[in-house]
Every structure is written in structure tokens, then in C-alpha cells.
Amino acid sequence: MDFDKIEILDYSDFSTLALQFLNEDARHCASYYAFGQRGGLQFIMAIADDENHDIIILSHFLQSSEKHELPALSEKMLSLHIFEREIHENFGIQFINHPWLKPVRYPHNRADKNSQMDDYPFYSIQSEELHEVGVGPVHAGIIEPGHFRFICNGENVLHLEIQLGWQHRGVEQLFIDKKHNLQRNLLAENIAGDTVFGHAVTFVHAMEALSGKVVAEQTQIERAMALELERIAIHTGDISALCIDAAYHLGANVFGILRTAIINFTQFWCGNRFGKSLIRVGGTHFPFTEELKQELLVVLAKYERQFEEMAGLTFRLPSVQNRFDNVGTISQKQARLIGTVGLSARMSAVKRDIRITHPNQANQQFPFEFIIDERGDVFSRFLLKKKEIRQSIAWIRNVLDNYNFKPNKPEKPDYNLPLKPNHFAIALTEAWRGEICHCAISNEKGELKHYKVKDPSMHNWKALELSLRNVEISDFPINNKSYNLSYCGHDL
Amino acid sequence: MIKEAKIIYHNGKQYIPDLRNVNLRPPFRGKPEISHAKVDEQAVVDICPLGAISKNPLSLDMGKCAFCGECAFAFPEKISFTRDYKTSSNIRENLIIKEGETRPVGWDKIAIRPEVRKAFSKSIKLRQVSAGGDNSCETELNASGNANFDMGRYGIEFVASPRHADGVVVTGPISVNMARALRATYDATPDPKIFVLCGVDAISGGVFADSKAIDRSILKDLKVDLYIPGNPSHPLTIINALLDLTR
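Shown next as C-alpha cells:
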């Protein structure tokens, strides 16, 4: 849309409207951020309206001469806490009465250069009975860095606080620094290597929207299929990882093997097991051919047979159930309060799924249905992964059976798409972790002026913190793996 | 019990018997080759999003390459990617493939410190540090130990503590925020030890090379024993690299 058509409200109207919109269960904040322009800071809030299937954009402006102080919306709408923290960290805006105004990721261009990772203001309790446990940033495995600080009463965790930022690479700034769309495309693929399709698809949607380009129906179907393959692969890997933590090694190995089958198909499609190089602006170098279709049908048939056999045993195993049941529960009330998205919302019966509420063309043609659970515990997340794998396989089969893939008409990438001047584009994608949101703005010369990335982990890290309350500290690994949140997607 | 046995039987043999000679199908992109075909060299240089291609003679630096394949799509007669996954070396310059070169990636076996082979030829335990890594190289390092690739058969394993490790494997471009933790992990690893850079981000910074949020100064003081290219590095590349270094 035309950037100048976004109405700039004054802050009190902005707050009233935002709170009014967000008070509805069917609406949530997809992104809220600020960026410097025209001698001040422009704030943009994107609210996803699940009932009307659209996105509401609100904006306000703060002159640099004005006092950098605003009443916090998080006081009344806790789910906005992370966004206000980010704005505070980047631009030094003081949000008055914010309940938790702490650093988010220590970016290189933060407002307060004196704020250092070593001085993170951890919550602490003065007590002789309680002790603190600090873990990280380097963890006991091949995993990304983050620091976890537990306050424990014996084995019981009373409070967990997670300090992130170790992975910060300056992604958003690089989107502007890099001038070629292929470079930006690579960058999008490297935001989170476990969500290559998720971020790359969101990126190409944003850029194509900014230039007014609509790719062919077949390209859109292929992208949607790639997203589902990514979901199947990662969920299978997660189930395998959870089996390791439940000391169920047969499950761990078999699910691990099954994941290999899926990502090896991705490699057969585009040459990379994680799908890097498949999704490109304007088209692709790797169209979905008849040969790929036949191969995928074989892979899925074999996968399904082995998966169902293994899952039939694993999910009924008393030792596994006992380990995951009633651990790390997030109630629906909590989920709404902190604003979780994706599977982490659906496990608490919060119906959030961009494929259904804001469907792209492929999802309109081949729709999804909600899969939810009410329990909100580790088992619930474990179970939903299984159900979503089944759903994704059924969806891909449906596409393969009913969509007429036309051979020999590949739509090649187009890196020189002209961007419309002074435009704003927003793209939402339901990746395996949840909703990804990218916002892109062009200047009057049609160059990219600002780029904003939001990974679903931004919403969901809080859920992991809350899950650990009154849980034994030894249950941390199963909670962590059941969420499988992104460090680099959060730190950017 | 019977059900478990059935599952094991149905899954059959999963490990790859010979990790040295696996036939990966196209479009997998391994070691590139540059022909002598006449093309506009500047155009070839310009097409690379990461500046991995340079002129006189035309060459491609696998340490900077994301293996995206754009150059091969634009100039198929000039650049092609083979299925040779053995792309690693102990010498940084050997990752640069020049026009007309088709032999395997070179190793300087003399440059490998004698204690590396003496101490680690039968077993090596490694500590991995992700310093701004995007979790794809990390996942591939994990996959190297799974039932398919099973590098444990060679006594190669990742361990939890640097105190138990014989070396450090770095993934990611080394973010400012992780530089100190990486150094601490390296220092906590007892000698003799190896230092490995895994993935394009670790070797050259990759797409993040120009970012102000990364700090690669640690590499000035540390001797790198092994460079493993890829975005991410394939498990076969990783395992073969470690084998070539240590035995």
C-alpha cells in the first residue's frame, strides 16, 4: 500500500484504538516497531484480524524534539511487552509503567551503548532458602547460545528468565546495506537456518508486494508445499529430540531417520537439505517437475508407513506419556495474555494460524483446518507435532493429486524488480514455528528504506519462561525442545 | 518387545557403509569447476552475491561461497558444480578453485601438526560453539552423529564440556556478543587441540561479512586447523574433513 496513506494518529488516539482492537480475542499484534525518518520516529503497528481476514495498520509519530517518553501499552496489553522493549532498546524511548522494560538483544546500533550484556538486570530474590542456577550462553550440546537464569527452591523452579542477544548479526541493517535482491534473498534464507522456507517465502512476498508483481499460481503452490515439507522435517526432528530426553532411543533414532528422508528430498529438489536456493524473488530456478512429484509420492508413502508404526508405539508408551504429561503447562488465559503464536498458541486452544486466517492463494485453493489442543503441556506440543505432520502430508498429497503441474514453464527469478516508490508492504507466513511477519518500506526513489523482521519466537520465548514455573529443573530440556524456539530468529 | 523388533526390522539397515564414496544426486552442489570457455569475466564476477568469484585467473573461493548456484545458472558453460562433497582443506588458499582445475581439493599434510595425528587419529571429541550461526550448520553437525551418517563409528563425537574436548568447532560469523564466550570456550579446552571453522559464515563471515555486529578479531590469534565450506556444510563433508585431518 501507499506509505503516505497510512494515517498518523496522535499517541492517545493510537493507544485507545490499539487497545480497543487488541481487546478482541480474534485480533493480535503481528508487529509493532519504530524507525527513524523525517526528523523523528515513526511507529507502525500491524494488527492481524483473524475474523475479517485482514491486517489493520496503525501509526503515530514522535518528533525528535519531543520528550522520548510514552505511556506503556504493555501495562494494559501485556502481549505488547516485547515490542515496546525493542523500541526502548533501539531508540531510547522510555515507556512509563512498562512492567519489564529490559534489553531484548543488545543490537550493535542500540540507543544506549553503555548497556552491556554483562549487566543484564536479572530478576532476583534475596532469600537463604532459594538458589540461582545460571546456564549458558554456551550450552551442553550443539545448540545456539542463550543465557538461562533459574531461581529454584530445591529442585523446583520458581522463576526462569532468559537473556538473549548472543546471536545478533545485524540482519535488519544488512537488508538496507545490501543493494541487490539476490543478496537480500540469501540474507532472508540465513535469518534462521531451520526456517529457510519460512523466512525466504515471507521475504519474497514482501518484495513482490512492494513491486506489484504477482507470481504464477504454480510458483505459489510450490512455495506452500516447501513450507509444509519444512514443517514435516522439523516436527519429526523435534519428536526425535523429545524421545532422546525421555530416554527412548528407538523413537529418537527412527524419527531421526525419517527426518533425513524428508530433507534429502528437499536436497533432490534444490540441492540443499535445508532448502537454501529454492525460494527466489519473482520465481525459482527449481520448478517442481514430474520426476520430483513421483519421487515425493514414494518418499511420503514410505515415510508415512514407518512414521505411523513408530508413532503408534511412542505416543502410547507409558514412560513417555508419564514424562510429558502435565509438565510445563500454559493455560489459554496465559497464552492470550502473553500473545503466543503458532503451535505454541494452538496447544492452549488459541486459534492462530495464518494459513487459515490470512490464507495466500495456495491456501485458499487447498485450505487447512485448525488442529488444536487444550492442555498446553509438553505432551500437548508433542502430540500437535504429530497431528500437524499428518495434516501436512495429507495436504501435500491433495495438491499432488489435484493440481495440474505444468512442465517446462518455469518462472525464473527476477532480481531487478522495480519497487514502487513510497510504498509499504507487509507479509505474513505461517511457518512451522508460527507466524513470521516482514514489513518493507520503499523511499521516493523506489529503493528499500526500511526492513523489519519478526520471528514467531519473539512472542513465544515468554511462554517457555512461564512453562518452567513450579516445574522441576530437570524438566527444562523437554520443555525447551517441545517449543524449539529460535535464538538467531529472535536476535536477528 | 515384538513391536519394537518389527520396527527395527522394517527400518532395515540405515547407516551409510562407505562415507568416503557416496553418490549424491544432482542438483547437489559440491566442489565447483571452472572451464576455459570464453565469457565476459566481469559479468561472472558481478553475479556472485557474496563476492566469491575473482578475475585473473577466474577463480571461485569456496570459503566465501554459499553454493547458491547463481553463477552456474547464468554461465553454465563456464561454471559447474560437481557432486564432489569433499570440499574441505587445512589450508585456506586451497579452497580457491581456479579456472581449469579439476583435481580434488588439496591438503597440505605436512602443515598438520604432528600431535594432531598422534593424539586424535583413533578418536576425537569436539566442543561446538555457535557464534551467530543460523542453526543450519549446527543441525548438520548433529546429523553427522545420527543413525544415517554415524560418525561415532570413527570415534568422533561432540561433548558437552570444553574440558572433555580435543577441539573447538565454530559455526556462524562470530557475533560481537558471542566473541568473548567463544574465546573462553577455546581457552578452557586443554592442549593439544584443534580449531575448526564450519560453514561459509564461520570461514569468511558469509552474507554477514560486512555487518558491524560481527567481530572476527579472535581469528587473528588462533591457528585454524580445518576449513569446512558449505551453507550449511553437508554431514558427509564434515565427517570426511575430520577424517582427512586426523588420519
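Chains as they are written, first to last, in the numbering used here: chain L, 399 to 890; chain S, 288 to 534. Heads up, the beta-carbon is just placed ideally off N, CA and C, and yes, glycines get one too. Only a predicted model underlies this, so the values are computations on that prediction, with no experimental measurement involved.
Counting along the chain, residue 421 of chain S sits inside no alpha helix (DSSP H), nor does DSSP assign it H or E at all. Where residue 524 of chain S is concerned, the enclosing alpha helix (DSSP H) starts and stops at 522-533.
The three-state secondary structure of residue 342 of chain S, taken from DSSP, is coil.
Between residue 871 of chain L and residue 643 of chain L, the C-beta spacing is not below 7 angstroms. Residues of chain L with a Cβ closer than 7 angstroms to the Cβ of residue 367 of chain S do not exist; the shortest Cβ-Cβ separation is about 12 angstroms.
If you compare the alpha carbons of L:520, L:727 and L:799 with that of residue 773 of chain L, the shortest gap goes to L:727.
The closest CA to that of residue 853 of chain L, considering only L:587, L:869 and L:757, is found on L:587. Under a criterion of Cβ atoms nearer than 7 angstroms, the residues of chain L adjacent to residue 497 of chain S are, in order, 575. Between residue 675 of chain L and residue 356 of chain S, the beta carbon gap of about 6 angstroms places them in contact (Cβ cut-off 8 angstroms). By DSSP's assignment, residue 443 of chain L forms a beta bridge with L:430 and L:456. Counting along the chain, residue 554 of chain L sits inside the beta strand (DSSP E) bounded by residues 554-561. By alpha-carbon distance to residue 491 of chain S, the top candidate from S:458, S:441 and S:406 is S:458. Using a CB distance below 8 angstroms, the part of the region 512-532 of chain L facing chain S consists of 515, ordered along the chain. By the Cβ rule, the region 859-873 of chain L does not count as touching the region 618-631 of chain L, because fewer than three pairs are nearer than 8 angstroms. For the region 453-538 of chain L, the full-length alpha helix (DSSP H) segments reaching 4 residues or more read 479-489 along the chain. Interface residue (Cβ-Cβ distance to chain S less than 7 angstroms): residue 540 of chain L is classified as such. DSSP places residue 579 of chain L in the helix class (H, G or I) of the three-state scheme. Against chain S, a Cβ distance below 9 angstroms from residue 658 of chain L picks out 301, 430, 433, 434, 435 and 436.
The C-beta of residue 472 of chain S comes closer than 7 angstroms to at least one C-beta of chain L. Shown here for residue 412 of chain L: same chain residues with a beta carbon closer than 7 angstroms to its own, the five before and five after excluded, namely 456 and 458 in chain order. By DSSP's assignment, residue 385 of chain S forms a beta bridge with S:346.
Contacts with chain S (Cβ-Cβ distance below 7 angstroms) from the region 699-718 of chain L involve 704, 707, 708 and 711, listed in chain order. Interface with chain L (7 angstroms Cβ-Cβ cutoff): residue 447 of chain S is included.
Approximately 17 angstroms separates the beta-carbon atoms of residue 536 of chain L and residue 426 of chain S; this is outside 8 angstroms, ruling out the contact.
Across the structure, residue 449 of chain L and residue 762 of chain L are spaced so that their CA atoms are roughly 15 angstroms apart.
According to the DSSP assignment, residue 826 of chain L belongs to the beta strand (DSSP E) that extends over 822-829. When the five nearest sequence neighbours on each side are left out, the beta carbons in the same chain lying within less than 6 angstroms of the beta carbon of residue 735 of chain L are those of 476, in order along the chain. Nearest neighbour of residue 651 of chain L by Cα position, chosen from S:397, S:478, S:294 and S:344, turns out to be S:294. Taking a Cβ-Cβ threshold of 9 angstroms, none of the residues of chain L is close to residue 329 of chain S; the smallest such distance is about 15 angstroms. With the criterion set as a beta carbon lying under 7 angstroms from some beta carbon of chain S, the members of the region 621-655 of chain L are 648, 651, 652, 654 and 655, in sequence order.
In this structure, the CA atom of residue 633 of chain L is about 43 angstroms from the CA atom of residue 410 of chain L.
Between the region 813-833 of chain L and the region 675-694 of chain L there are three or more C-beta pairs closer than 8 angstroms, enough to call the two in contact. With a threshold of 7 angstroms between beta carbons, residue 665 of chain L makes contact with chain S. With respect to the C-alpha of residue 313 of chain S, the residue from L:749, L:545 and L:690 having the closest C-alpha is L:690. With its beta carbon at least 7 angstroms from every one in chain L, residue 492 of chain S lies outside the interface. When Cβ pairs closer than 8 angstroms are counted between the two stretches, the region 750-768 of chain L is seen to touch the region 818-828 of chain L, the count reaching three or more.
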